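These protein sequences, in sequence, are chains D and S.
Heads up, the first sequence is in this note's numbering, so the first residue is 3 and it goes up one at a time.
Heads up, the second sequence is in this note's numbering, so the first residue is 3 and it goes up one at a time.
Have a look at the structure below, then the notes.
2 protein chains.
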Amino acid sequence: MRVTAIVSLVVGVLAVGSCARSPGDGAGSAALRQRDLAWAEVAAVGRSVVGIVSFWSDDAVVVPPGAPEIRGKAAIREYVQQSLATPGFRISWNPSSATVSSDGELGYTTGENVVSFSGKDGKPATIKGRYATIWRRDKSGDWKCVVDIWNTP
Amino acid sequence: MRVTAIVSLVVGVLAVGSCARSPGDGAGSAALRQRDLAWAEVAAVGRSVVGIVSFWSDDAVVVPPGAPEIRGKAAIREYVQQSLATPGFRISWNPSSATVSSDGELGYTTGENVVSFSGKDGKPATIKGRYATIWRRDKSGDWKCVVDIWNTP
Numbered sequence: 003m004r005v006t007a008i009v010s011l012v013v014g015v016l017a018v019g020s021c022a023r024s025p026g027d028g029a030g031s032a033a034l035r036q037r038d039l040a041w042a043e044v045a046a047v048g049r050s051v052v053g054i055v056s057f058w059s060d061d062a063v064v065v066p067p068g069a070p071e072i073r074g075k076a077a078i079r080e081y082v083q084q085s086l087a088t089p090g091f092r093i094s095w096n097p098s099s100a101t102v103s104s105d106g107e108l109g110y111t112t113g114e115n116v117v118s119f120s121g122k123d124g125k126p127a128t129i130k131g132r133y134a135t136i137w138r139r140d141k142s143g144d145w146k147c148v149v150d151i152w153n154t155p
Numbered sequence: 003m004r005v006t007a008i009v010s011l012v013v014g015v016l017a018v019g020s021c022a023r024s025p026g027d028g029a030g031s032a033a034l035r036q037r038d039l040a041w042a043e044v045a046a047v048g049r050s051v052v053g054i055v056s057f058w059s060d061d062a063v064v065v066p067p068g069a070p071e072i073r074g075k076a077a078i079r080e081y082v083q084q085s086l087a088t089p090g091f092r093i094s095w096n097p098s099s100a101t102v103s104s105d106g107e108l109g110y111t112t113g114e115n116v117v118s119f120s121g122k123d124g125k126p127a128t129i130k131g132r133y134a135t136i137w138r139r140d141k142s143g144d145w146k147c148v149v150d151i152w153n154t155p
């Protein structure tokens with residue numbers, strides 16, 4: 003289903019600094035978690051396609067359950083537009099873990115997400131899932147999501 | 003479905019060395035890809051639970067579609083045992099990308115997987131999926147899978 007598809011969206015230019023000593027420790031991981039949370043907030047508002055899409059890298063791949071993978075910013079933008087245009091569409095997620103390499107350039111977050119929309123009968127439908135997002139620091143120091151995959155239990 | 007569950011298994015002690023200059027480049031990524039391939043080979047043979055399980059870290063989490071997440075080595079071992087005991091069970095996967103942080107301690111692979119088993123009618127059933135596995139170098143220098151998630155298109 004196309005709608006179950008969306009999982010990870012975003013904006014909010016957080017300058018993420020500092021490095022953790024080992025994966026999962028320290029300020030780097032806390033900053034990445036904040037970055038994921040900032041993305042979730044922008045996605046929850048659900049108004050700014052540009053804002054949401056800005057959290058992905060240009061070469062990002064989104065792998066939604068029940069749909070083909072979506073590669074690259076242009077395709078992802080279209081995907082987000084379609085999702086936001088879905089009647090009753092809402093998305094939220096919450097990172098339960100954040101881990102960053104000690105050089106501070108690669109990281110990942112995992113957590114749970116909830117997608118809601120109006121079902122065929124007009125009644126609200128809700129799908130709960132689990133996600134993993136992999137992040138890379140770009141040249142300006144911002145974390146960008148490069149891989150975005152989730153499924154349902 | 004429990005069987006669709008399994009996706010990533012393993013053994014083969016590959017000493018993975020060297021660091022890439024940036025994520026995705028260089029010998030580090032090639033070595034991680036080889037590590038994932040070695041895991042796939044051991045899993046395809048499907049005889050050694052110990053071998054397969056050795057590719058995960060002690061604190062790994064496996065997130066199968068259609069089933070609760072599986073945390074930690076003991077639970078993962080049981081999961082693998084159950085999968086291998088499933089009539090007609092076979093698994094294969096192939097990494098299409100491998101990326102390693104420049105410090106060589108964190109990485110990820112993405113690719114496609116195929117799980118086969120005997121369906122309720124005794125006929126072979128096949129499920130194709132896409133996966134992302136996140137890897138961490140342990141103290142001995144071996145790559146261990148820390149997050150293992152997949153879904154079906």
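For every residue, glycine included, the Cβ atom is placed at its ideal position computed from N, Cα and C.
Here the structure is a predicted model, which means the values were calculated and not measured.
Using only CA atoms, which one of the options lies nearest to residue i?
i       : options                               : result
G48(D)  : F119(D), L86(D), V148(D) and A76(D)   : L86(D)
F119(D) : V63(D), I93(D), C147(D) and T111(D)   : I93(D)
T88(S)  : E114(S), N96(S), P126(S) and P67(S)   : P126(S)
V117(S) : L108(S), Y133(S), S50(S) and S103(S)  : Y133(S)
G28(S)  : G113(S), S99(S) and C147(S)           : S99(S)
G216(S) : P97(S), W137(S), E43(S) and D61(S)    : Residue 216(S) lies beyond the stretch modelled for chain S, which goes from 3 to 155, so this question has no answer here.
T111(D) : I151(D), I72(D) and G90(D)            : I151(D)
I78(S)  : S104(S), D61(S) and G90(S)            : D61(S)
T181(S) : V102(S), N115(S) and E80(S)           : Residue 181(S) falls outside the range modelled here, since chain S spans only 3 to 155, and no answer is possible.
K75(D)  : V51(D), G90(D) and W95(D)             : V51(D)
G90(S)  : P66(S), G124(S) and T101(S)           : G124(S)
N153(D) : F57(D), W95(D), S104(D) and A45(D)    : W95(D)
A32(S)  : E43(S), S103(S) and Y81(S)            : S103(S)
Q36(D)  : D144(D), V148(D) and V149(D)          : D144(D)
G30(D)  : L108(D), V148(D), G113(D) and K141(D) : L108(D)
V149(D) : V44(D), F57(D), S142(D) and A45(D)    : F57(D)
A46(S)  : S142(S), K141(S) and V82(S)           : V82(S)
A42(S)  : G113(S), P66(S) and Q84(S)            : G113(S)
Which stretch, first to last residue, makes up the alpha helix (DSSP H) that contains residue i?
i      : result
A69(S) : It is not in any alpha helix (DSSP H) - A69(S) carries neither H nor E in the DSSP assignment.
E80(S) : K75 to A87
Could you round the C-beta distance between residue i and residue j to whole angstroms and report it? I think they count as a contact, below 8 Å.
i       : j       : result
G68(D)  : P155(S) : 7 Å
R138(D) : G106(D) : R138(D) to G106(D), Cβ: 11 Å. No contact.
I72(S)  : V64(S)  : 4 Å
S59(S)  : K146(S) : 4 Å
D38(D)  : T135(D) : 7 Å
Could you pull the start and end residues of the beta strand (DSSP E) that residue i belongs to?
i       : result
S50(S)  : That residue, S50(S), is in no beta strand (DSSP E); it is neither H nor E in DSSP.
F57(D)  : Counting along the chain, F57(D) falls outside any beta strand (DSSP E), and DSSP gives it neither H nor E.
G109(D) : L108 to S120
G131(S) : P126 to R139
P97(D)  : R92 to V102
D105(D) : First-last for D105(D): undefined, no H or E at that position.
D150(D) : W145 to N153
Contacting positions in the region 106 to 120 of chain D - beta carbon closer than 7 Å to chain S: E107, L108, Y110 and T112
To be precise: take each residue of the region 121 to 150 of chain S, compare its Cβ to all Cβ atoms of chain D, and keep it if any distance is under 7 Å. Which residues remain? R132, A134, I136, R138 and V149
Residues of the region 29 to 40 of chain S in Cβ contact with chain D at a cutoff of 9 Å, in chain order, please. none
Tell me which residues of the region 69 to 81 of chain S have at least one Cβ-Cβ distance to chain D shorter than 7 Å, keeping chain order. A69, P70 and E71
Listed in chain order, which residues of the region 87 to 108 of chain D have Cβ atoms closer than 7 Å to some Cβ of chain S? S103, S104, D105, E107 and L108
Where the region 41 to 70 of chain D meets chain S: residues whose CB sits under 8 Å from a CB there: V63, V65, P66, P67, G68, A69 and P70
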